[in-house]
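Protein chains in written order, with my numbering: chain A, 2 to 345; chain B, 2 to 345. For glycine and all other residues, C-beta sits at the position ideal for the given N, C-alpha and C. Remember, it's a predicted structure, so these values are computed and weren't measured experimentally. The structure under discussion appears below in the form of structure tokens.
2 protein chains.
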Amino acid sequence: MVTRDGRRRVTISDVASHAQVSTTAVSKVLRNAYGVSEAMRAKVQAAIDELGYRPHAAARAMRGRTFTIGVVLPHIRNPFFADILDGFDEELAAARYQAIIVQGGSSDAAAESRALDALVDRQVDGILIVAPVIPRARLEEMARNTPTVVLGRHDRSAVYDSVLDDDEVGAELAVEHLIALGHRRIAHISQKGLGPSVALLHTIRARTYERVMAEHGLAEHIAVVATSYTEEGGYQAARELLARTPRPTAVFAGSDQAAFGALAAVHEAGLAVPGDVSVAGYDNARVTALAHISLTTIDQDGAIMGKTAGRLLLERIGGRTSSVRFSVTPTLVARRSTAPPAIR
Amino acid sequence: MVTRDGRRRVTISDVASHAQVSTTAVSKVLRNAYGVSEAMRAKVQAAIDELGYRPHAAARAMRGRTFTIGVVLPHIRNPFFADILDGFDEELAAARYQAIIVQGGSSDAAAESRALDALVDRQVDGILIVAPVIPRARLEEMARNTPTVVLGRHDRSAVYDSVLDDDEVGAELAVEHLIALGHRRIAHISQKGLGPSVALLHTIRARTYERVMAEHGLAEHIAVVATSYTEEGGYQAARELLARTPRPTAVFAGSDQAAFGALAAVHEAGLAVPGDVSVAGYDNARVTALAHISLTTIDQDGAIMGKTAGRLLLERIGGRTSSVRFSVTPTLVARRSTAPPAIR
DNA sequence: CTCGGGATGGGTATCGTTATCCATCGCGGA
DNA sequence: TCCGCGATGGATAACGATACCCATCCCGAG
Numbered sequence: 002m003v004t005r006d007g008r009r010r011v012t013i014s015d016v017a018s019h020a021q022v023s024t025t026a027v028s029k030v031l032r033n034a035y036g037v038s039e040a041m042r043a044k045v046q047a048a049i050d051e052l053g054y055r056p057h058a059a060a061r062a063m064r065g066r067t068f069t070i071g072v073v074l075p076h077i078r079n080p081f082f083a084d085i086l087d088g089f090d091e092e093l094a095a096a097r098y099q100a101i102i103v104q105g106g107s108s109d110a111a112a113e114s115r116a117l118d119a120l121v122d123r124q125v126d127g128i129l130i131v132a133p134v135i136p137r138a139r140l141e142e143m144a145r146n147t148p149t150v151v152l153g154r155h156d157r158s159a160v161y162d163s164v165l166d167d168d169e170v171g172a173e174l175a176v177e178h179l180i181a182l183g184h185r186r187i188a189h190i191s192q193k194g195l196g197p198s199v200a201l202l203h204t205i206r207a208r209t210y211e212r213v214m215a216e217h218g219l220a221e222h223i224a225v226v227a228t229s230y231t232e233e234g235g236y237q238a239a240r241e242l243l244a245r246t247p248r249p250t251a252v253f254a255g256s257d258q259a260a261f262g263a264l265a266a267v268h269e270a271g272l273a274v275p276g277d278v279s280v281a282g283y284d285n286a287r288v289t290a291l292a293h294i295s296l297t298t299i300d301q302d303g304a305i306m307g308k309t310a311g312r313l314l315l316e317r318i319g320g321r322t323s324s325v326r327f328s329v330t331p332t333l334v335a336r337r338s339t340a341p342p343a344i345r
Numbered sequence: 002m003v004t005r006d007g008r009r010r011v012t013i014s015d016v017a018s019h020a021q022v023s024t025t026a027v028s029k030v031l032r033n034a035y036g037v038s039e040a041m042r043a044k045v046q047a048a049i050d051e052l053g054y055r056p057h058a059a060a061r062a063m064r065g066r067t068f069t070i071g072v073v074l075p076h077i078r079n080p081f082f083a084d085i086l087d088g089f090d091e092e093l094a095a096a097r098y099q100a101i102i103v104q105g106g107s108s109d110a111a112a113e114s115r116a117l118d119a120l121v122d123r124q125v126d127g128i129l130i131v132a133p134v135i136p137r138a139r140l141e142e143m144a145r146n147t148p149t150v151v152l153g154r155h156d157r158s159a160v161y162d163s164v165l166d167d168d169e170v171g172a173e174l175a176v177e178h179l180i181a182l183g184h185r186r187i188a189h190i191s192q193k194g195l196g197p198s199v200a201l202l203h204t205i206r207a208r209t210y211e212r213v214m215a216e217h218g219l220a221e222h223i224a225v226v227a228t229s230y231t232e233e234g235g236y237q238a239a240r241e242l243l244a245r246t247p248r249p250t251a252v253f254a255g256s257d258q259a260a261f262g263a264l265a266a267v268h269e270a271g272l273a274v275p276g277d278v279s280v281a282g283y284d285n286a287r288v289t290a291l292a293h294i295s296l297t298t299i300d301q302d303g304a305i306m307g308k309t310a311g312r313l314l315l316e317r318i319g320g321r322t323s324s325v326r327f328s329v330t331p332t333l334v335a336r337r338s339t340a341p342p343a344i345r
């Protein structure tokens, strides 16, 4: 391959001739393969360093591995994904794998499917897909050919690994917390238009909200507005909720990002948090801990989840075929965005 | 290539035999090359659709294009980058290019350099690098071989295109705004440890702050704390500033993310924004507009910058060799985080 | 002294696609 | 009738690495 400035990229043959050995020998050193003496290894490594050789990932992809992991995120705007990636990257870096991220389009099954194809076309060694909305069959078809870890989805599969938190426990914690504070008119912000699958985490959070409300005799106060787990979605949903009479005294948003939007709507309506309306989120994205936000939320340790996803993926690439499911138990983090309702 | 479930991936030869033509003909259709009749095109396209053929990017990379653009972001946590990517992706999708994102490690030159290498190894057709801190020589070496657009850096180059805002104007707007409100003890939060290069945007923002302060006879009140453009950095810097006696009445943070951290520190210290301390940021990330945050900031239109970066990159891939520099003029967006200082 | 086998290094087909030739066909002009 | 040329389709050598298989060397056992 000739580069634009006329210099050839350094290839394995350059290294081989420089070290006076065969390309096979160099390849073996690169792959840590069996049948290389210490002397050979040293000689080849010296030539590699001297020439500044770097393996050509595309060429590798034709026969072997690419040492590349593809990550599909709905959208990089969600700060919780940054927490996940911190743990994921850390785990991968140790194994000299590189993560590449593609955006799957928040809750858009077609876009998500395209993103997945793009990764397969690029011959990644493994895939991490976060909160996917595509059908399970599609996921499994993918996973049969490429090691796959699915993060944040509840259906079980024999062909991919799952990393998730117990959304039922988490949602229960949030709703119970608000009820314990004395709230009765508690509303919920969810996502819409993704089918009724109980595998999707927003469905579980919404159903759990309804169940817990009913268990406490608050069935008549159930109010779910389904928009999306984004600031915009949270804002729209909260505006709609605040316009109702009587308006809710507390809002449980299905994600921190949506809670952010809800906070904005509450302030914009001239109401105080938590004085007039309590707001709780879900994810405990690091940014929610900041003092001026201080959002009550449900913690699922993103960094741990990401780190685990990385480990599971490496194991699968290493040959494991059994299916693993890793679940973290969420906890309530009560901060200053929730308080008892005003007495009336 | 045999996939794990025993099925071969559909290749160009499968399409060729199915359509009863040569692989060359199929390749020509795929590339829109010269020398294909309408009949041929239709026949081949039908076979492609029937078999669900998708080009193998890695194999393509061995001889031609990958239709992949690499994006190096310091870290996906910064919400302003999401704004940039929205515009960028939109522009690329129309040309059937796929963007892949790698994290460059906030302000870590070694990590950034590795991320860049990773993209080159993967044979991307072009590179967008956002707010890089590596030496210009390294950037140019890269750009000579791969079409490159640099976003958010002020050095001029004949080999890559630049997209940026006028940071001098922006910083001036912010400081002048605070001065016009009546502030005198105005502090600034910057980044540290990246060398004194005047090409780096934080350097320009910091120097402009100092210049404007001096021009208004406020040289004695200049106070710069250099941490990093992150929430954590903004928080640490603000804590240090608030501990000083007398403490500043206004803080101009070099980025919205740092301003976020500063807001947290102010609240934690039991002080009010803007009553006790005014805070201004830079970037106008969409999230800053939310009512409960309502951060005064400097707008540089991220979506436009991203869209332009995409266009320039496609042009370069298309063969343009002249160098382009696209600069947006920032504007002040005054919100509720700034106000006149309390009378004392 | 030969033989067997482990350790080491190398030859080479192969992965899927592109790009550079080369071959063929049909048709109009000399 | 023959020649030349444009239009079209195909054969094939790369691209850079891997992995299978084979060749060689050395050493101890029989």
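Taking 8 Å as the CB-CB cut-off, is residue i touching chain B?
{"i": "I318(A)", "result": "no"}
{"i": "M143(A)", "result": "no"}
{"i": "H155(A)", "result": "no"}
{"i": "A159(A)", "result": "no"}
{"i": "Q124(A)", "result": "yes"}
{"i": "M63(A)", "result": "yes"}
{"i": "V11(A)", "result": "no"}
{"i": "D118(A)", "result": "yes"}
{"i": "F82(A)", "result": "yes"}
{"i": "D90(A)", "result": "yes"}
{"i": "R402(A)", "result": "Residue 402(A) cannot be examined here, being either before or after the span of chain A that is shown, 2 to 345."}
{"i": "L86(A)", "result": "yes"}
{"i": "A360(A)", "result": "In the structure as shown, chain A begins at 2 and stops at 345. Residue 360(A) is therefore absent and cannot be evaluated."}
{"i": "A172(A)", "result": "no"}
{"i": "A95(A)", "result": "no"}
For residue i, is the classification buried or exposed, using 16 other Cβ atoms within 10 angstroms of its Cβ as the cut-off for buried?
{"i": "E61(A)", "result": "The sequence shown places Arg at residue 61(A), not Glu. The residue in question, R61(A), is buried, as its Cβ has 16 or more Cβ neighbours within 10 Å."}
{"i": "T209(A)", "result": "buried"}
{"i": "K308(A)", "result": "buried"}
{"i": "P247(B)", "result": "exposed"}
{"i": "I344(B)", "result": "exposed"}
{"i": "N33(A)", "result": "exposed"}
{"i": "T322(B)", "result": "exposed"}
{"i": "E173(A)", "result": "buried"}
{"i": "V16(B)", "result": "buried"}
{"i": "Y35(A)", "result": "exposed"}
Identify, in the order they occur along the chain, each residue of the same chain with its Cβ nearer than 7 Å to the Cβ of residue i, setting aside the five sequence neighbours on each side.
{"i": "A270(A)", "result": "L243"}
{"i": "E169(B)", "result": "I205 and T209"}
{"i": "R42(A)", "result": "V30"}
{"i": "M63(A)", "result": "none"}
I want to see whether chain A comes within less than 8 Å of residue i, judged by CB atoms only; does it?
{"i": "T69(B)", "result": "yes"}
{"i": "Q99(B)", "result": "yes"}
{"i": "P56(B)", "result": "yes"}
{"i": "D50(B)", "result": "no"}
{"i": "L314(B)", "result": "no"}
{"i": "A254(B)", "result": "no"}
Considering only C-alpha positions, which residue in the set the options is nearest to residue i?
{"i": "S256(B)", "options": "S38(B), F327(B), A175(B) and V267(B)", "result": "A175(B)"}
{"i": "V329(A)", "options": "L152(A), Q258(A), P275(A) and S14(A)", "result": "L152(A)"}
{"i": "A304(B)", "options": "Y35(B), H268(B) and F81(B)", "result": "F81(B)"}
{"i": "S324(A)", "options": "T332(A), V252(A), P342(A) and L314(A)", "result": "L314(A)"}
{"i": "D162(A)", "options": "V131(A), G171(A), A340(A) and T25(A)", "result": "V131(A)"}
{"i": "G88(B)", "options": "N79(A), A95(A), Q104(A) and D167(A)", "result": "Q104(A)"}
{"i": "V121(B)", "options": "P331(A), L165(A), R55(A) and P342(A)", "result": "R55(A)"}
{"i": "D166(A)", "options": "E177(A), R154(A), A159(A) and S158(A)", "result": "R154(A)"}
Tell me which same chain residues have a C-beta within less than 8 Å of the C-beta of residue i, skipping the five on either side of it?
{"i": "A259(A)", "result": "I190, T228, S229, Y230, T231, E232, G234, G235, A238 and G282"}
{"i": "R317(B)", "result": "G127, P148, T149, V150 and D162"}
Taking 6 Å as the limit between beta carbons, can you name the residues of its chain near residue i, skipping five residues before and five after?
{"i": "S14(A)", "result": "T24"}
{"i": "A96(A)", "result": "L315"}
Name the residues in the segment 202-229 of chain A whose C-beta lies less than 8 Å from a C-beta of chain B; which are they?
Listed by position, the residues of the segment 202-229 of chain A near chain B (Cβ gap below 8 Å) amount to none.
(request) Could you run through the segment 259-279 of chain B and flag, in chain order, every residue whose CB is less than 8 Å away from some CB of chain A? (result) Those residues of the segment 259-279 of chain B that come within reach of chain A (Cβ to Cβ, closer than 8 Å) are F261, G262, L264, A265, A266, V267, H268, E269 and V274.
*asked:* To be precise: take each residue of the segment 277-308 of chain A, compare its Cβ to all Cβ atoms of chain B, and keep it if any distance is under 7 Å. Which residues remain?
replied: Answer set for the segment 277-308 of chain A: V288, L291, A292 and H293.
Using a Cβ-Cβ cut-off of less than 7 Å, list which residues of the segment 229-241 of chain B approach chain A; keep chain order.
Cβ contacts with chain A come from E232.
message = Tell me which residues of the segment 101-116 of chain A have at least one Cβ-Cβ distance to chain B shorter than 7 Å, keeping chain order.
response = For the segment 101-116 of chain A, the residues whose beta carbon sits under 7 Å from a beta carbon of chain B are, in order, I101, I102, V103 and Q104.
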